[in-house]
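Enquirer:
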Amino acid sequence: MPRPPSSSTPGRAGERVLAWAFLLPSLVVFALFLGYPLYRTLYLSAHGNDLFGAPSQYVGLRHYTDLLTSAAFARTLTTTALFVLLTVLPGVLGALLLVLLLESRIRGVRLLRSAFALPFAFSVASASVVFGVFYNPATGVLNGLLSRLGAGPVDWLTDARWALPSVAAATIWMNLGYNVLVLSAGLGSITPEITEAARLDGASGWRLARSVTVPLLGPHLFFLVVVSTINALQSFGQINILTQGGPDGASRTLVYSVYEKAFAYGSSDFGTASAQAVVLLLVVLACTAVQFGVVERKVHYT
Numbered sequence: 548m549p550r551p552p553s554s555s556t557p558g559r560a561g562e563r564v565l566a567w568a569f570l571l572p573s574l575v576v577f578a579l580f581l582g583y584p585l586y587r588t589l590y591l592s593a594h595g596n597d598l599f600g601a602p603s604q605y606v607g608l609r610h611y612t613d614l615l616t617s618a619a620f621a622r623t624l625t626t627t628a629l630f631v632l633l634t635v636l637p638g639v640l641g642a643l644l645l646v647l648l649l650e651s652r653i654r655g656v657r658l659l660r661s662a663f664a665l666p667f668a669f670s671v672a673s674a675s676v677v678f679g680v681f682y683n684p685a686t687g688v689l690n691g692l693l694s695r696l697g698a699g700p701v702d703w704l705t706d707a708r709w710a711l712p713s714v715a716a717a718t719i720w721m722n723l724g725y726n727v728l729v730l731s732a733g734l735g736s737i738t739p740e741i742t743e744a745a746r747l748d749g750a751s752g753w754r755l756a757r758s759v760t761v762p763l764l765g766p767h768l769f770f771l772v773v774v775s776t777i778n779a780l781q782s783f784g785q786i787n788i789l790t791q792g793g794p795d796g797a798s799r800t801l802v803y804s805v806y807e808k809a810f811a812y813g814s815s816d817f818g819t820a821s822a823q824a825v826v827l828l829l830v831v832l833a834c835t836a837v838q839f840g841v842v843e844r845k846v847h848y849t
C-alpha cells in the first residue's frame with residue numbers, strides 16, 4: 548500500500564512557497580503601515596525629545612506616569628467617554644427607529660430612504676462646515692428657530708455646557724446614513740416567512756418589531772455598536788473644525804489631545820503624544836474586548 552506523501556516532498560514545499568508568495572504583499576503592507584508606526588510610537592513614548600521633536604534621552608515610563616497623575620488627562624478621558632456615550636447609542640438607536648418607521652407602507656418611502664442615507668455621502672469636513680453655519684450664534688438656523696419660539700440665543704460652540712453635545716449631534720448626523728444603510732440591508736435579509744408567521748400569531752406594529760425584527764437585527768446592531776465606538780474614539784475632524792477642543796477643553800477628546808501635543812500651535816512633544824496614542828490604542832482594544840465578551844453573547848445569529 549503506497550504511503551501518503553510527506554510534508555517534505557517537493558510538491559508540498561512548492562505549495563508553501565506559493566502560499567508565502569501570495570501572503571508577502573499583505574505582510575509588507577502590514578509591516579510598513581501598521582507594524583513600523585506602532586513600533587515608532589512605542590519608541591517615542593519611551594524617549595524625551597528636543598525642541599524640534601527629535602527623540603533624545605530614554606525616559607522609560609515617565610510619560611505614562613505623568614499622564615496617570617495628570618488632572619487634565621483625567622478630564623480628557625472623561626470627555627472622551629462622554630462623547631462616546633453621546634454618539635454611539637443615540638446614533639444606532641436613532642437609525643434603528645428610522646429603519647423601522649421606513650418599513651411602514653407610506654407614500655414616498657423610497658425617497659425617504661434615500662434622504663436618510665444621504666449623510667453617508669458627506670465628508671467630515673463638509674458636514675462640519677454645514678453644522679458650523681447651523682450653530683452660528685448670530686445667523687444660525689437653530690438660534691433663528693429658538694427666537695421664533697421666544698427663547699434666547701445659545702452659544703452652541705463657545706459655551707462649555709453645549710460644545711460637546713453640539714459636536715456629538717453633528718457626529719450622529721454624519722454616521723446616520725451608514726447606520727441606516729447597514730440596518731436596511733439587515734432588514735432585507737430577514738426571511739419573509741418569519742414575519743408572516745409572527746403576524747399570523749397576532750404580532751403587529753411595535754410588538755412585531757420588539758419580539759421579531761430587532762432580535763433578528765442583533766448581528767447588525769452589534770456590528771454598528773462596535774464600529775461606532777471605534778469611530779467615536781477616533782473622531783477628530785469635526786472637533787477640530789467646530790470647537791478646536793474648546794472652550795477651555797470642554798470638547799477635548801483623547802485624539803484631539805494627541806494632536807495638540809504633537810502638532811498644534813507649534814508643539815512637538817512627540818513623547819507625550821505617543822504615550823497618549825498608546826493609551827488610546829489600549830482603550831480601543833479594551834472597549835472592543837468588552838463588547839465581544841459581553842454584548843456578543845446576547846446576539847442571536849440565524
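Its first residue numbered 548, the sequence shown is counted upward by one per residue in the working numbering. Ideal Cβ placement from N, Cα and C applies to all residues, glycine included. Computed from a prediction, not measured in an experiment: that's the story for all the values here.
#1: For Q838, which three-state DSSP category applies?
#2: Specify, as a first and last residue, the run of the beta strand (DSSP E) that H594 falls within.
#3: Among the candidates L827, F839, A822, whose CA atom is the shortest distance from the CA of T612?
#4: Beta-carbon separation of L827 and L780 under 8 Å?
#5: Let me confirm a value: C834 is counted as buried when at least 16 other C-beta atoms fall within 10 Å, else exposed. Which label applies?
#6: For Q604, report the span of its beta strand (DSSP E) as first-last.
#7: With a floor of 3 residues, list each beta strand (DSSP E) that falls wholly inside the stretch 712–766, ordered by position along the chain.
#8: With DSSP collapsed to three states, give me the class of T612.
#9: Do you know how far the Cα of R622 is from the Cα of L789?
#10: Below 8 Å between beta carbons: does that hold for V606 and A593?
#11: What first and last residue would you give for the alpha helix (DSSP H) that runs through P637?
#12: Assuming A732 and L647 are in contact, meaning their beta carbons sit under 8 Å apart, how far apart are those beta carbons, in whole angstroms?
#13: With DSSP as the reference, label Y806 as helix, strand or coil.
#14: Which term fits I741, buried or exposed, when burial requires 16 or more other beta carbons within 10 angstroms of its beta carbon?
#15: Within a Cβ cutoff of 6 Å, which residues of the same chain sit near T819, ignoring the five residues on either side of it in sequence?
#16: Run through DSSP, which three-state label would F599 get?
#17: The alpha helix (DSSP H) that contains R695, what's its start and end?
#18: Please report the Cβ distance between F678 and A642, rounded to the nearest whole angstrom; I am assuming they are in contact, meaning their Cβ atoms lie under 8 Å.
#19: What would DSSP say about F817, mapped onto helix, strand or coil?
#20: Note down the Cα distance separating S603 from S815, rounded to an integer number of angstroms.
#21: Can you look up Y812 in the DSSP assignment and give me helix, strand or coil?
Expert: Walking through what the data contain:
#1: helix
#2: 594–596
#3: A822
#4: yes
#5: buried
#6: 602–605
#7: none
#8: Judged by DSSP in its simplified three-state form, T612 adopts helix.
#9: 20 Å
#10: yes
#11: 618–649
#12: Not a contact, Cβ separation roughly 14 Å.
#13: Looking at Y806 - three-state DSSP - the assignment turns out to be helix.
#14: exposed
#15: H610, K808
#16: coil
#17: 688–695
#18: About 18 Å separates the two Cβ atoms, so there is no contact after all.
#19: helix
#20: 13 Å
#21: helix
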